[in-house]
Structures are given as structure tokens and as C-alpha cells.
Amino acid sequence: MSSASSPYKQLYGLNLKYEKNQIINPNPENARKHHAELILDKVPELVHIMIYGKSKDRIHAAFGLRNLTEEKRFRRPLGMSYDFIENVCALLMINQEGDAHKRCQQHALGILNNLLLEDPILDTFIANDENSLPGLAKMLRSTDRTTQELASKMLDYITVTQENQTLVCTSDRILSGVVVLLRNTKSNEVREHVLQALIYLSNNAKNSREENLLEELQRCITISDSEGTISQRAIQVLYNICLLKENIPVISRDPDIRQILRDKQHEVKKRLNSTEEKYKGFENDVITYKLTGVIADLLYTYDTRLNSKIILRGEGFNHSVITIGKHASRSIVEDSMTRSNRNLSFNEDTLDSPLSSPTKRDSRSRSFNYSPK
């Protein structure tokens, strides 16, 4: 057989058949796409499955989307893609029973936590979604520990942006959800995230009052953790709340607050005086000691000076800013235009409060003036 007429070619004694027609790529548009683009093309299908699929498929889809947001390069494209955030937030509001739905909602919280703090525009977009804050308020009331941890983290992250703080405070059931969470949780990690969020919120002049919040703050002040973070943050929140003058009568009427502050101040003073070395939680103890003294002096002044008229007029203070350790808190009694001309907060050096009433400052009190670099 001649090689010219045969569809086979002789190659080292083997017959190899070959096709003259070129193989055509059935998806030529994909050949020009980057790997990341191909992954993002699957997102709409995953979102649809996460909302409407069968239980097992929903969990896998939600888990896959959460894994995508773990990678920084995908966060902004996902956040800006059509209806992605809307669908994730809507999942928080869907009422369904069962473990599968709970796990999908946990993945939804994880997705939002990964997207938050990535871009201020994304933060604003998430906070303004119609289901975002109502969904968060619902998740704060969960009795599941994993859901509590994820919801507290979202609350912490979403309140960093000042514009979002007003939205959080004016959203129905968010602050009451915070009270429920502080009451239900046994996790110090959850408490830390919630208290950090309350620090942000209480620094905002447009905050609001929530029943039973003071009771939960007092409970957090009495908690002892390894570094004193929880009690320090709770006292920081209480201090910020005191700077809104309308709150002072409410706090002053509480029958337990003075004793709680006295006990905490005595506890941290004992630790500070026990050694001249800096120990784990030293900075938190310094802040706690100073702020308990400032709050105690404020309450004492309110109780004793001319039926409290001086404080309610915004007088009797030395500075508009108090800087302690790494924290700087500004009075929120007046707006920024008039605040600089008025004296609205106590001097940061006010350490000896009516709660402790020491006759002589300890020789180690130089430790209390420690200012971290």
C-alpha cells in the first residue's frame, strides 16, 4: 500500500491515524478568560442554589461562596456583583427550621464578615441593605454559640464606620438584641466583640438609650478574664455613656453601680501595686483604674453639687478629651463647633476617687501614669 493513498503514516513501524480537521474549542470565550473570571462566573448559580436548592446543596453552595470571600482578590468583585450582598443579607431573614438552614445563615454571616472592613463603600452598601441590620438583630438573639460568635463579629465590624453607627443605633431591635446576647452568651470572645461595638456606638453623638443595657454592662465589669479586656471595655462604654449628660441621672440612680466600681477599682489597684513589672493585661488595668476613678468622681459630683445643675449645664469639667493608654474619648454632650470652647470631661490625672478615698498615694503610683508607645 502506498503512503500517498493511505490515511495512515508509517512511523518507526507503527501505524498512526491522524485527522486533517482542526479540533474546535466549544467555548472559545472561556479560552480568553482568567481563572478568577471563570470562578466568578459560577457565583450567580451558587447564590441561586444557596437560596432555593436542596438542603445539602444549599450548605455546599454557601460554604463555597464563603471560601471565595476568604481570598482578598475576590472580595470587592463579589461585593459589587449584581444582587450578591442583597441575597446574602436576605438569607439572614428567611425563617426556616432545621440544621441546614442554620448552617447556611452562619455561612452568610461569615461572608459578610469577610467583606466588611475591606472597602468603605462595601461597608456602607452592606449596612444600608434593607435586610442587613434586621437580619443581624435576629442573629444576635440566637442561642447557638457559633451564630452568636459570627453575629457579634459582624456587629463589631459594621460599627467601625461612623456613618454606620447612626444606622445601627436607629435600627429596630439591634440594641435590644445586644442586651439579649450579653445576657445569653458564655463566650468571652463574643463579649469582647459586643463591647468593642458599644465603644464605637457610645462615642457617637447620635446614639440612643436601651433598657437593661446598664445592667449587662455591670455584669461585664465583674467578669475576670486573663487580660482584663472585657471589664476594661465595659468600663470604657460606661464612661462614654456618662459623657452624654442625659444619661448621668439614670446611671446615678442605679443602686449597685458605685459598689461595682469600688470593687473593680480595688481589684486592679491591688494587681498594679503587687509588682513594678508590666504583666499580661497591665495596660487594661491602667485604663480600668483611671476610668473607674473618673466615673466615680462624676457620680459624686452629680450627687453633691447644687442638685446636679453644674453637670447638667455641662460645667465642672476640665477637658473635652481624656486620653488614657491607647484610648482617646471625646465628650459627646455638645457638637464639635462648641465643644472646643467648653470644658466637658474630667482631667485624666484624676485617679483618687470618692470610692477609694486614699489618704496617701502609693509609692508605686508612677505605674498609673504609664503611657504606651
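Last residue of the sequence shown: 373 (full-length UniProt numbering), numbering continuous. Each residue gets a CB set at the ideal place from its N, CA and C atoms; glycine is no exception.
Assigned with DSSP and collapsed to three states, I174 falls in helix.
A buried status is given to H107, since no fewer than 16 other beta-carbon atoms sit within 10 Å of its beta-carbon. For E192, same chain residues with a beta-carbon under 7 Å away, outside a window of 5 residues either side, are T229, I230, R233 in chain order. If you ignore the 5 residues before and after I85, its C-beta comes within less than 7 Å of the C-beta of G79, F125, I126, D129, all in its own chain and listed in chain order.
D123 and N273 have their C-alpha atoms spaced approximately 44 Å apart. Take Q236, set aside five residues on each side of it, and the residues of its chain with a beta-carbon closer than 6 Å to its own are I199, in chain order.
Taken in chain order, the whole alpha helix (DSSP H) runs of length 4 or more contained in the stretch 245-314 are 248-252, 257-274, 282-304, 309-312. For C242, same chain residues with a beta-carbon under 7 Å away, outside a window of 5 residues either side, are I248, I251, I295, L298 in chain order. DSSP places R141 outside any alpha helix (DSSP H), giving it a letter other than H or E. The C-beta of K153 has 16 or more other C-beta atoms within 10 Å across all chains shown, which makes the residue buried. The three-state reading of DSSP puts I94 in coil, since its state is none of H, G, I, E or B. Boundaries of the alpha helix (DSSP H) around D99: 99-115.
About 5 Å separates the Cβ atoms of A137 and I174, confirming a contact at the 8 Å cut-off. Buried is the label assigned to T147, since at least 16 other Cβ atoms lie within 10 Å of its Cβ. The three-state secondary structure of L122, taken from DSSP, is helix. Using a Cβ distance threshold of 9 Å, D119 and R75 count as a contacting pair. DSSP places L195 inside the alpha helix (DSSP H), whose first and last residues are 188-202. Counting other Cβ atoms within 10 Å of its Cβ, I121 stays below 16 and is therefore classed as exposed.
In the DSSP annotation of this structure, the continuous segment of the alpha helix (DSSP H) that includes E45 starts and ends at 43-52.
Excluding the 5 residues flanking it on each side, R58 has same chain C-beta neighbours closer than 7 Å at I49, M50, A100, C104, in chain order.
The C-beta of D172 has fewer than 16 other C-beta atoms within 10 Å across all chains shown, which makes the residue exposed. For the pair S81 and L40, the CB atoms are nearer than the 9 Å cut-off.
In this structure L244 does not touch L181 by the C-beta definition: roughly 23 Å separates them, more than the 8 Å allowed. In this structure, C220 sits near L195, with a CB-CB distance shorter than 9 Å. If you ignore the 5 residues before and after R183, its C-beta comes within less than 7 Å of the C-beta of E216, all in its own chain and listed in chain order. If you check the CB distance, E210 and V179 come in under 9 Å. Of the other Cβ atoms in all chains shown, fewer than 16 fall within 10 Å of the Cβ of E45; this residue is therefore exposed.
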